[in-house]
Amino acid sequence: MSKRSCAYIIPSRASRYLLKASAVVSFSLVSFDLAAQDMFTEDTVNIAAVTVRAAASLRHSPYTVVKIDSSVMSRHDGGDLGTLLQSASLLTVKRYGNSGLSSVSIRGLSGSHTAVTWNGLPVNAPSNGQSDFAIIPVSAANSVKVTSGGSDLDDISGSIGGKVELSSGPVFDGVTEASLTLGAGSNGSYSSALVLRSGDADLSAKINLWGGMARNDFRFINANAPGGAEKGRRTNAGFSSGGVTADLGFRLGNALLTSHVWYNDSDRDLPGPVTTVEQDFGERQKDRSLKGVVNYSLDHGRLAAEVVAGGSHDINLYFNEAPGLNGENSSGIYIIRTRIRYRMNDRFEMVFNAGDEYQKAHSLSFPAAVNRNILSASLAARYSVLPRLRLLLQARQMGVSGLKVSPEFTAGATWILTADGQHAIKASLSRNTKLPCLNDIYWMPGGNTTLIPETATGGEASWSFASINPSGLRSTLDFTLHASRVDNLIQWLPGETGLWSAENVRSVNVAGAEVRAGTEVAVSELKIKGYLNYGLTRSVNAGSDIPNDRSEGSQLAYTPLHHLNMNIDAGWSVVSGGITATTETRRYTTSDNSEWLPATFISDLYMGSSVRAGNTLIRADLRINNILNARSESIRNYPLPLRYFNLRLTLTWSDKTKNNETTP
Amino acid sequence: MKQLLRLLILIALFVISCERGDQPSLFPSGNGLFLLNEGNYLAGNGSISFYSTESKNIYNDLFKTANDRALGDIPSFIVVDGNKGFIIVNNSGTIEVVNMLTMESLATVTGLESPRQMVIHGRKGYISSLTSDKVTVLDLDNLEISGDINIGCTSEAMAIADGKLFTAFWSGGNKIVVTDLETAEVITSVTVGLEPESMVLDRDNKLWVLCTGGWNGEEIPRLVKINTSTFGKEAELLFRTVNDNPSSLSINATRDTIYFLDEGVKRMPVISAVLPAEAFIAAGDRLLYKLAAGPGGLIGVTDAIDYQQRGDFLLYNSRGELADTEHTGIIPGFMLFMHD
Chain V
7 MSKRSCAYII
17 PSRASRYLLK
27 ASAVVSFSLV
37 SFDLAAQDMF
47 TEDTVNIAAV
57 TVRAAASLRH
67 SPYTVVKIDS
77 SVMSRHDGGD
87 LGTLLQSASL
97 LTVKRYGNSG
107 LSSVSIRGLS
117 GSHTAVTWNG
127 LPVNAPSNGQ
137 SDFAIIPVSA
147 ANSVKVTSGG
157 SDLDDISGSI
167 GGKVELSSGP
177 VFDGVTEASL
187 TLGAGSNGSY
197 SSALVLRSGD
207 ADLSAKINLW
217 GGMARNDFRF
227 INANAPGGAE
237 KGRRTNAGFS
247 SGGVTADLGF
257 RLGNALLTSH
267 VWYNDSDRDL
277 PGPVTTVEQD
287 FGERQKDRSL
297 KGVVNYSLDH
307 GRLAAEVVAG
317 GSHDINLYFN
327 EAPGLNGENS
337 SGIYIIRTRI
347 RYRMNDRFEM
357 VFNAGDEYQK
367 AHSLSFPAAV
377 NRNILSASLA
387 ARYSVLPRLR
397 LLLQARQMGV
407 SGLKVSPEFT
417 AGATWILTAD
427 GQHAIKASLS
437 RNTKLPCLND
447 IYWMPGGNTT
457 LIPETATGGE
467 ASWSFASINP
477 SGLRSTLDFT
487 LHASRVDNLI
497 QWLPGETGLW
507 SAENVRSVNV
517 AGAEVRAGTE
527 VAVSELKIKG
537 YLNYGLTRSV
547 NAGSDIPNDR
557 SEGSQLAYTP
567 LHHLNMNIDA
577 GWSVVSGGIT
587 ATTETRRYTT
597 SDNSEWLPAT
607 FISDLYMGSS
617 VRAGNTLIRA
627 DLRINNILNA
637 RSESIRNYPL
647 PLRYFNLRLT
657 LTWSDKTKNN
667 ETTP
Chain S
-2 MKQLLRLLIL
8 IALFVISCER
18 GDQPSLFPSG
28 NGLFLLNEGN
38 YLAGNGSISF
48 YSTESKNIYN
58 DLFKTANDRA
68 LGDIPSFIVV
78 DGNKGFIIVN
88 NSGTIEVVNM
98 LTMESLATVT
108 GLESPRQMVI
118 HGRKGYISSL
128 TSDKVTVLDL
138 DNLEISGDIN
148 IGCTSEAMAI
158 ADGKLFTAFW
168 SGGNKIVVTD
178 LETAEVITSV
188 TVGLEPESMV
198 LDRDNKLWVL
208 CTGGWNGEEI
218 PRLVKINTST
228 FGKEAELLFR
238 TVNDNPSSLS
248 INATRDTIYF
258 LDEGVKRMPV
268 ISAVLPAEAF
278 IAAGDRLLYK
288 LAAGPGGLIG
298 VTDAIDYQQR
308 GDFLLYNSRG
318 ELADTEHTGI
328 IPGFMLFMHD
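So the protein lines, in turn, are chains V and S. Just so you know, we're using the working numbering here: the first sequence kicks off at 7 and counts up by one. Just so you know, we're using the working numbering here: the second sequence kicks off at -2 and counts up by one.
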């Protein structure tokens, strides 16, 4: 017996090959992650893809990670993140009217299943687990990355829908620049932004201030007006917001130190559904948040290390004409985490992540201030079994006060099929969890301390194509199939006592196909970019513990079966323009699919021009939103605006003249 | 040519007459009940259904079908005056006045603060409010608000006996306010249990008030019997524990037996001095939401399932046997029996 064991420990040469081959097959059948680090460069194709810049590190990830193209981001500068993601990614946004509370859905799961981070700091409110994308300005970040599914185990805690990463990394280009933007538009909207940045080869400093307000009394069509559909104007929907971000970066040899601060303040009226005659009950919501992150990283070739520490404090105030209904909620998240990567050789590296996240929340509906601590560690192994075949195996274990959490894992493989890097296939499998939010556990009444984490098990397989033609034509095409099952989904249900409580009651099956295509072509001074995203998402209730539930097999509410968006930008000399179109098929509003919102098609047009005078660039942009004047709702009876306009004027002074300023 | 013209005119008249006269009715006349489906809060997808006890069929979404628009947000109550129905749409802040035979909207009353229920006395309707201390008075002839009565608290269930309006202070309250409708002045109030949720008048004009004991189980629920002449409490029947959650007090057509939800359907003769120990109809795997007692011992109850899908209407006969089950709209709630 012992001899036989020894034979496994010291295998023969033939056995070693056999084991190796078995391992390859095994790893190929499961899946992998190579997201953060390129281990090969010969096939790197760094071109624009789908609304996404397909940097090799993202393309080599065995699961889907996309980065929103910077030109698309700049076109949405001054807007909110929800609008950007709706029109430039496969996320769907659920929005309580224009500027109303917005949550996103990735692959059919809800906003609380989508993790949002800013420079590595979790942004989701620990109380309800969601982020309000209407009050996250695009200008708070210079990079937006979206991971579909919960395969990324690098963070302290995870999600099962996906992740949206915002970052405002340093730029060491030695440019000193000041930019002032003033905007005005329909429905009494005004905006302003001031960006100052400076630095040298080792220092980067940037401060960004913005503010905006709108009466938001937009025109809409009220299909449920007495006497039939009629045009109306939204009332009691005004909002104002402002904020500041400050980013500092120091490069000290192999070390990089960055710090980021973000203060955000918004004030919104809360209109009712249009079927409510009285719209103004004095309901208002104020959200204030202060976030700060410090990041120190060190790269010594084989060994790299990173430490991130940060915290956020959020205050949410609710006002009602009946003072007894006023509410005050606050929450905070504080994290510290470290990441150590050790590259053993050119083919194998290991990454260790560990961190602690402390969450606290206070609400009138909690018995007292509540808190919890999440401690986690993950270990990833990345192995290039063949020159163009990389494997990833990663596992994470969370320790959460008051909860038992099973280990999570991700396994994946990326195989670059051709030496020129044009074709790649990749696949991944993962099992991950999402913790109940603090409201689910502690809300009075109905909070349930016996809840267990929601779990997701699934995988995806992709084929990826990217090419650069000598003529300058750049093209990408990605096709992905995904499937997963979510168990122990938490839902609030009424009990026999008449009180609602949170329960682990449902299971959901998600399956779908995604296509992302992009192209860039330059002919003389004319540059054209086109991006297309299509998602087919079948996200159905697979079973529940609710008696007499007839929703089994039904599409989850507010998840469109088809989502398609397209962005086309063109720039020639000093002028640029573009069009964005987004369409979604019907979104069911009830769990048994008995009611739905109709399909929508929204298209926006923008055009701009710039003039340089010495070191100053003057740019004017006009945006026409919803050019076809289409009626649409994201939430039933919370209409979105008919056609409206925005005009922006930007003055940028720079101590260096750059090329291609006029390109979108 | 003239003949052709005449023929065309005849065809046109025939087509027009067909369009007008042959319009099929949305629901049958006869005995049955109207059922209000509350819809999801803020979604504005409330609806009204009719269940025919004769054909044993349910007819859903009548208002939208008849008027090509949604009924509104949380229709909570309906009361009938002749052929007119007054549907209280709570969170829309409206009353839809409809033709009870066709469900066509006759008027939409606005200017109301969170209306909840309505009772009729003479040619006036009295409307309770979840957020206002005033009971709004509606002129039933011109369908305009003609005034209000300040009762000093918010209100829910209402009943009229001997020209006096009995109004339940439900949300956080514990009293029944009595108003003389002749003078529109508050006469007195009767302290009952916490959160009087529903009430009915029996055959002797005694007012039965079901108090839930508070949404968070602050006190033991109770059923209180009030003399509407002396305003004295004639009985106060306590349930078992603070965890009990009785609701939806209803009375049959002959007003001699009351019904309520309490771990199933319980029934009790109005002459009884004790609460029933056993359920007349067990809840089984149902999560019962609302109840209405009808003629001939019929009992209608609703099950909202997960409150996000079409619910169920269940009809029981006088022996407590399930007679029919039908799918309703979203969150089936208040029911009103219509009978000869």
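Where a beta carbon is used, it is the ideal one built from N, C-alpha and C, also for glycine. On a predicted model such as this, the values are computed, not experimentally measured, just so you know.
About 22 Å separates the Cβ atoms of L135/S and M332/S, ruling out a contact at the 8 Å cut-off. In terms of beta-carbon proximity, A274/S stays away from the interface with chain V, with every pair separated by 8 Å or more. Contact between M265/S and I255/S holds: CB atoms are separated by about 5 Å, below the 8 Å threshold.
In the assembly as shown, G155/V is a buried residue. Its beta-carbon has 16 or more other beta-carbons within 10 Å. Contact annotation for L284/S against chain V: L499, P500, G501, E502, I552, P553, N554 [CB-CB distance below 9 Å, chain order].
Here V78/V carries a helix assignment [DSSP, helix/strand/coil]. Not one beta carbon of chain S lies nearer than 8 Å to the beta carbon of S265/V. Among the residues of the segment 206 to 228 of chain S, those with a Cβ less than 9 Å away from any Cβ of chain V are T209, W212, N213, G214, in the order of the chain. Comparing alpha-carbon positions, the option among L457/V, N148/V, T123/V, L64/V lying closest to S80/V turns out to be N148/V. Spanning the alpha carbons of L263/V and D362/V requires a straight line of approximately 20 Å. Collapsing the DSSP output to three states places K366/V in a strand. Here the alpha carbons of I296/S and N64/S stand approximately 30 Å from one another. Contact holds between the segment 491 to 502 of chain V and the segment 511 to 522 of chain V, because three or more Cβ pairs, one in each stretch, are under 8 Å apart. At a cut-off of 8 Å between beta-carbon atoms, I148/S makes no contact with chain V.
Look at G88/V here: in three-state DSSP terms it is helix. Within 10 angstroms of the beta-carbon of S152/S lie 16 or more other beta-carbons, which makes it buried. Going by C-alpha positions, E414/V is about 11 Å away from S382/V. Taking a cut-off of 8 Å on C-beta distances, the segment 303 to 322 of chain V does not touch the segment 100 to 117 of chain V, as fewer than three cross pairs fall below it. Annotation for K121/S: the continuous beta strand (DSSP E) segment containing it runs 121 to 126. Taking a C-beta cut-off of 9 Å against chain S, the contacting residues of the segment 632 to 655 of chain V are I641, R642, N643, Y644, listed in chain order. Secondary structure of S93/V (DSSP, three-state): helix. Following the DSSP letters along the chain, one finds L59/S inside the alpha helix (DSSP H) bounded by residues 59 to 64. Residues I117, L137 of the same chain have their beta carbon placed closer than 7 Å to that of D78/S, with the five preceding and five following residues left out of the count. Per DSSP, the beta-bridge partners of W421/V are L395/V, I431/V. Boundaries for Y38/S: no beta strand (DSSP E) harbours it, and the DSSP string shows neither H nor E there. By DSSP's assignment, Y644/V forms a beta bridge with I641/V. From the listed residues R544/V, V129/V, S600/V, the smallest Cα separation to G114/V is found for R544/V. The residue among S195/V, F226/V, I112/V with its C-alpha nearest the C-alpha of M219/V is S195/V. Judged by DSSP secondary structure, I447/V falls within the alpha helix (DSSP H) whose first and last residues are 444 to 448.
Secondary structure note for P500/V: its beta strand (DSSP E) is the uninterrupted segment 480 to 500. The beta strand (DSSP E) runs lying completely inside the segment 217 to 242 of chain S and spanning 3 residues or more are 219 to 224, 230 to 235, given in chain order. At least 8 Å separates the CB of N28/S from every CB of chain V.
Look at F277/S here: in three-state DSSP terms it is coil, with no helix or strand label. Put simply, the CB of E289/V is far from chain S, with every gap to its CB atoms at 8 Å or more. In the DSSP assignment, S154/V forms a beta bridge with G168/V. In this structure, G90/S and P112/S form a Cβ contact; the two beta carbons are roughly 7 Å apart against a cut-off of 8 Å.
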